[in-house]
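I have placed the structure first, in the form of structure tokens, so that the comments after it can refer back to it.
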Amino acid sequence: MQKFERLDGLVAPLDRANVDTDLIIPKQFLKSIQRTGFGVNLFDELRYLDEGQPGQDCSQRPLNPDFVLNRPRYQGAGVLLARHNFGCGSSREHAPWALADFGFRVVIAPSFADIFYNNAFKNGILLITLPEVVVDRLFAEVEAAEGYRLEVDLAEQRVITPSGEILGFEIDAFRKHCLLEGLDDIGITLQNEDAIRAFEQQHREARPWLFREA
Amino acid sequence: MAGQTLYDKLWSQHLVKERDDGTALIYIDRQLLHEVTSPQAFEGLRLANRRPWRIDANLATPDHNVPTTLKERAAGNAGIADPVSLIQVQTLDDNCHEFGIEEFRINDPRQGIVHVVGPEQGATLPGMTVVCGDSHTATHGAFAALAHGIGTSEVEHVLATQCLLAQKMQNMQVRVEGVLGAGVTAKDIVLAIIGEIGTAGGTGYAIEFAGSAIQSLSMEGRMTVCNMAIEAGARVGLIAVDDTTIDYLKGRHYAPSAEQWAAAVADWRHLVSDDDAAFDKVVTLDAAAIEPQVSWGTSPEMVTGIGGEVPDPAEAADETARTGIIRALDYMGLAPKQKITDIRLDKVFIGSCTNSRIEDLREAAKVARGKTVADSIQLAMVVPGSGLVKQQAEAEGLDAIFRAAGFEWREPGCSMCLAMNADKLGAGEHCASTSNRNFEGRQGYGGRTHLVSPAMAAAAAIAGHFVDVRALGGDSPAHDAIPQQEA
Ligand code: SF4
Chain A
77 MQKFERLDGL
87 VAPLDRANVD
97 TDLIIPKQFL
107 KSIQRTGFGV
117 NLFDELRYLD
127 EGQPGQDCSQ
137 RPLNPDFVLN
147 RPRYQGAGVL
157 LARHNFGCGS
167 SREHAPWALA
177 DFGFRVVIAP
187 SFADIFYNNA
197 FKNGILLITL
207 PEVVVDRLFA
217 EVEAAEGYRL
227 EVDLAEQRVI
237 TPSGEILGFE
247 IDAFRKHCLL
257 EGLDDIGITL
267 QNEDAIRAFE
277 QQHREARPWL
287 FREA
Chain B
479 MAGQTLYDKL
489 WSQHLVKERD
499 DGTALIYIDR
509 QLLHEVTSPQ
519 AFEGLRLANR
529 RPWRIDANLA
539 TPDHNVPTTL
549 KERAAGNAGI
559 ADPVSLIQVQ
569 TLDDNCHEFG
579 IEEFRINDPR
589 QGIVHVVGPE
599 QGATLPGMTV
609 VCGDSHTATH
619 GAFAALAHGI
629 GTSEVEHVLA
639 TQCLLAQKMQ
649 NMQVRVEGVL
659 GAGVTAKDIV
669 LAIIGEIGTA
679 GGTGYAIEFA
689 GSAIQSLSME
699 GRMTVCNMAI
709 EAGARVGLIA
719 VDDTTIDYLK
729 GRHYAPSAEQ
739 WAAAVADWRH
749 LVSDDDAAFD
759 KVVTLDAAAI
769 EPQVSWGTSP
779 EMVTGIGGEV
789 PDPAEAADET
799 ARTGIIRALD
809 YMGLAPKQKI
819 TDIRLDKVFI
829 GSCTNSRIED
839 LREAAKVARG
849 KTVADSIQLA
859 MVVPGSGLVK
869 QQAEAEGLDA
879 IFRAAGFEWR
889 EPGCSMCLAM
899 NADKLGAGEH
909 CASTSNRNFE
919 GRQGYGGRTH
929 LVSPAMAAAA
939 AIAGHFVDVR
949 ALGGDSPAHD
959 AIPQQEA
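As you go down the protein sequences, you meet chains A and B in turn. In terms of the working numbering, the first sequence has 178 at position 102, counting the first letter as 1, and numbering is strictly consecutive. In terms of the working numbering, the second sequence has 559 at position 81, counting the first letter as 1, and numbering is strictly consecutive.
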């Protein structure tokens, strides 16, 4: 996993609640057996005016000029500002793969859906939950100032606005550690191999029917 | 000390190790695999030179991409017209073969939607932890199994370690008390719950569904309810073990052997919340007040009773809700205050892991028997959840009822639930669907989904628009009460 320590990023605002994973990456793109290449189809149905197909050359497709990520002032954004319940719906990890591939390393919202929350961190994306009033204010600030950037410091758990305002955020210690170090979960878990084997043996003795061979 | 909830018990029975930071290692008893969310996980294993920890804990079947017409299916994988879908299905076959994982392939009679197949085979048992790279894994909680969806990195993690890194959720209880009205089903219960608590109402919680109306449901009905826990934001839905659970499991392929059965049942009887267990949140619904539900918008919480109407954004509680309603009505092509019964339909889909089990097909067939699908409906399709459901339905003559009425009778798979195969809506088309998500584009680019029960979908197919299935009356439906297609 890619490390995350700090980011000074241009902010793009997606002013819409309950953004679901079908919207983040529509199902026809889930047919890929790769982990990369999903960025061009991020928000496909909002971003383009036609229906996208996997493997297509997206540079020839008509863009929706009204969609926020298509506006020139948000090109190159690394921080996505979003609304409540971002990432609801399916468990598709293609959603964070698409966000990361597009260039987003941070998403800020008042709340996130559970499965998406897990998946994002496993792909080096930092999700920051801030109170709704604060997010409202950030939307207003982004809208008002072209080139609006936020500085995100994971170690210090803070977001710094252009005016110097410091917004603290919460994150659990384990996720923070993995993200700062770019650690692979599986490797960490396998350090507990003996504990897993011991548990498994005791579990098998207590409930042998859970281990029935086909 | 306060008692434990069912969720607390399942959690502590699988706790391998707790870390100081609140993260825990949880042992996983069963992993279900399908073709969409597993290829990158297997690839990851290979790249790291790892082997699956416990091969027999895994069970695979292709479901999302498989075609559902007999013509395509007859040729097996070779019949899959879409080359990208074919690669994905073939990749699952290859991976399962390489790693020795049991798979029900495309034309195996046991193939089907993972969430139908697992319980049907007894591969989902009370007291298990069950995961799958699919958010509707919540379905398996109907068996008092701790079951939830995971992402592909976690699929790889479970393959490699038989464990998951997890954090304990909070406990919510949703009680549905009383007796359901005739014609009102498990699907209506869960849609009403989501309408009540919202699509984020269950975020961070494991929801236990309880109360007399839940207890009176069959296992099929319970699976329908738990299936949509995720649509209320909860990764986990649970229902306590009782005789209905135990009776369903007896004799299933992976169920405990005869020698182990008594001990297993004795153990399962403890899989209920203690009387004095404390829940962080409790929500209660009156079953008698639940009408047949129809979703009108682009989120499962945008739902109302069949007697209701589309909301007026002018009456919304706040600005975010107002813009949400305006956007949904625009996408759905509906007008404020339009009556639900005035919504005309183009397609009807009966299927998906929410409603494709035998009982669902029976309910729909009861309504369709002796009727004809309205001329204005371009396509009405019934897609059984598995090959075994299909066989059972055919043995009962349900396929003949559907065909005679003008429904297409298809081969098992996810089909138009998410339209990864050829079954999809055209732009602007309205569909009465027994699936679980009405998101924009879910059933096809520009498609408009209305979530309903199987009986409501069948009645809508015949009328060409939504009708109140209760007008059919009691257990022996007075079929004549369905308005046969209007001009
Ligand atoms: S039927 Fe639909 S919701 Fe269920 S697993 Fe298949 S695609 Fe997902």
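Where is the CB? At the ideal position from N, CA and C, for every residue including glycine.
Select from the options the residue whose C-alpha is nearest the C-alpha of residue i.
i: B/A535; options: B/D560, B/A559, B/C574 and B/V514; result: B/C574
i: B/E632; options: A/F287, A/L139 and A/K198; result: A/K198
i: B/C895; options: B/A684, B/V494 and B/L929; result: B/L929
i: B/D811; options: B/A905, B/T912, B/S911 and B/N914; result: A small correction: the amino acid at residue 811 of chain B is Gly; Asp does not occupy that position in the sequence shown. Minimum Cα distance to B/G811 is reached at B/A905.
i: B/E550; options: B/E907, B/G919, B/E889 and B/G942; result: B/E889
i: B/K825; options: B/E837, B/I855, B/A799 and B/A684; result: B/I855
i: B/F577; options: B/H635, B/D764, B/R529 and B/Q816; result: B/R529
i: B/V772; options: B/S913, B/V743 and B/Q589; result: B/S913
i: A/V116; options: A/D133, A/S108, A/I109 and A/K107; result: A/D133
i: A/S135; options: A/R123, A/A153 and A/E227; result: A/R123
i: A/F275; options: B/D499, B/S563, B/A712 and B/L503; result: B/L503
i: A/V211; options: A/V155, A/E257 and A/R149; result: A/V155
i: B/Q645; options: B/Y485, B/F687, B/Q589 and B/A900; result: B/Y485
Buried or exposed: which applies to residue i, given that a residue is buried once 16 or more other Cβ atoms fall within 10 Å of its Cβ?
i: B/H626; result: buried
i: A/L125; result: exposed
i: B/D958; result: Annotation note: pLDDT 47 at B/D958 (below 50); position unreliable, no value reported.
i: B/D612; result: buried
i: B/A852; result: buried
i: B/A767; result: exposed
i: B/A939; result: buried
i: B/P587; result: exposed
i: B/N527; result: exposed
i: B/Q921; result: buried
i: A/A196; result: buried
i: B/G605; result: buried
i: B/Q651; result: buried
i: B/R915; result: buried
i: B/E506; result: In the sequence under discussion, the amino acid at residue 506 of chain B is Ile, which differs from the Glu named in the question. So B/I506 ends up on the buried side.
i: B/D572; result: exposed
i: A/D91; result: exposed
i: B/I685; result: buried
i: B/A965; result: Residue placement at B/A965 is poorly supported in this model, since its pLDDT is 36, which falls under 50; the coordinates still yield a value, given next. B/A965 is exposed by the Cβ-count criterion.
i: B/A842; result: buried
Quick one: give me the first and last residue of the beta strand (DSSP E) that residue i is part of.
i: B/Q645; result: C641 to Q645
i: B/H626; result: L624 to G627
i: B/P997; result: Here chain B has residues from 479 to 965 only, and residue 997 of chain B is not among them.
i: A/C254; result: It is not in any beta strand (DSSP E) - A/C254 instead sits in the alpha helix (DSSP H) that spans A249 to E257.
i: B/R800; result: From DSSP, B/R800 is part of no beta strand (DSSP E) but of the alpha helix (DSSP H) over E797 to M810.
i: B/T927; result: R926 to L929
i: B/N536; result: N536 to A538
Output needed for residue i: all residues of its chain with C-beta closer than 7 Å, excluding positions within five of it in sequence on either side, in chain order.
i: B/G952; result: Low per-residue confidence applies at B/G952: pLDDT is 39, beneath 50, and the placement is therefore not dependable enough to give any value.
i: B/Y732; result: Q599, G600 and A601
i: B/G948; result: According to the sequence as given, residue 948 of chain B is Arg; it is not Gly. Once the five neighbours on either side are set aside, the close Cβ partners of B/R948 are G659, A660, G661 and P770.
i: A/I247; result: Q233
i: B/Q518; result: T630
i: B/K817; result: E787
i: B/E453; result: In the structure as shown, chain B starts at 479 and stops at 965, and residue 453 of chain B therefore has no counterpart that could be examined.
i: A/S108; result: P130
Between which two residues does the alpha helix (DSSP H) carrying residue i extend?
i: B/Y726; result: D721 to L727
i: B/F520; result: P517 to L525
i: B/P561; result: P561 to F577
i: A/P172; result: H170 to F178
i: B/P597; result: V592 to Q599
i: B/A873; result: G865 to A873
Give me, in chain order, the residues of the same chain whose beta-carbon lies closer than 6 Å to that of residue i; leave out the 5 immediate sequence neighbours on both sides.
i: A/L118; result: A174 and F178
i: A/P89; result: L157, F215 and V218
i: B/L857; result: K825
Return yes when the C-beta of residue i is under 7 Å from any heavy atom of the ligand GTP, and no when it is not.
i: B/S911; result: With respect to the ligand GTP, the structure offers nothing, as its ligand set consists of the ligand SF4.
Once the 5 residues before and after residue i are set aside, which same chain residues still bring their CB inside 8 Å of it?
i: B/E655; result: G689, S690, A691, T762, L763, D764 and A765
Strictly under 8 Å for the Cβ-Cβ distance: is residue i near chain D by that measure?
i: B/S563; result: No chain D is part of this structure, whose protein chains are labelled A and B.
Check whether the segment 498-518 of chain B and the segment 536-550 of chain B are in contact - that is, three or more C-beta pairs closer than 8 Å. As far as the Cβ criterion goes, the segment 498-518 of chain B touches the segment 536-550 of chain B, which means the pair count is three or higher.
Do the segment 875-893 of chain B and the segment 703-716 of chain B touch if we need at least three Cβ pairs shorter than 8 Å? Between the segment 875-893 of chain B and the segment 703-716 of chain B there are fewer than three C-beta pairs closer than 8 Å, too few to call the two in contact.
Sufficient close CB pairs (3 or more, under 8 Å) joining the segment 823-834 of chain B to the segment 550-560 of chain B: Counting C-beta pairs closer than 8 Å gives fewer than three between the segment 823-834 of chain B and the segment 550-560 of chain B, which falls short of the contact rule.
Using 8 Å as the threshold, is the segment 588-599 of chain B in touch with the segment 483-496 of chain B, meaning 3 or more CB pairs across them? With the cut-off at 8 Å, the segment 588-599 of chain B and the segment 483-496 of chain B do not touch.
Contact between the segment 734-746 of chain B and the segment 635-647 of chain B: three or more CB pairs below 8 Å? Output reads no: the segment 635-647 of chain B does not touch the segment 734-746 of chain B.
I want to know whether the segment 260-269 of chain A touches the segment 180-195 of chain A - three or more CB-CB distances under 8 Å. Touching, no, given that fewer than three Cβ pairs across the two stretches are closer than 8 Å.
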